[in-house]
Each structure stands twice: as structure tokens, then as C-alpha cells.
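Participant: Pasting a structure here, questions to come.
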Amino acid sequence: MTVKKVGEKYRCNVCGNEVTVTKVGGGTLVCCGQDMELISSEIPKRS
């Protein structure tokens, strides 16, 4: 899955690593030889 916006969260279905996008540079996120799964596309709200 291609990274589209800041704040998206991805998880590796093999090892459970999770990442949050802080800068969109294009491309896909890969961990343990597999594309990471998008688990949230919400942008965190600042207080």
C-alpha cells in the first residue's frame, strides 16, 4: 500500500511493528518481506 498522508499508521502482520507517517515521500512500507497494513489514516489532533 502506498503512503498517502502524514498521520497514517501501519502495522506488520508478521512481527507486529507499528509505524506512524511523519513525512510522505512516496513508495510503500515493507517489514519482514511483506507490505505493511494500513490500520489508521486519522491525523492526530493537537491540543
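By my numbering, the letter at position 3 of the sequence shown is numbered -16, and the numbering carries on one by one without gaps.
All C-beta atoms in this analysis are idealised placements derived from N, C-alpha and C, irrespective of residue type, glycine included.
Ordered along the chain, which non-local residues of its own chain (more than five positions away) have a Cβ less than 8 Å from that of residue -17?
Facilitator: Same-chain partners within the cutoff: 7, 8, 9.
Participant: Just to confirm before moving on: does the CB-CB distance between residue 0 and residue 13 stay below 8 Å?
Facilitator: Contact flag unset, no.
Participant: From -15, -10, -14, pick the residue whose C-alpha is nearest to that of residue 18; which is it?
Facilitator: Residue -10 is the option with its Cα nearest to residue 18.
Participant: Given residue 5, which residues of its chain have a CB within under 8 Å of its CB, disregarding the five upstream and five downstream residues?
Facilitator: -16, -15, -14, -13.
Participant: Could you spell out where the beta strand (DSSP E) holding residue 21 opens and where it closes?
Facilitator: Where residue 21 is concerned, the enclosing beta strand (DSSP E) stretches over 18 to 21.
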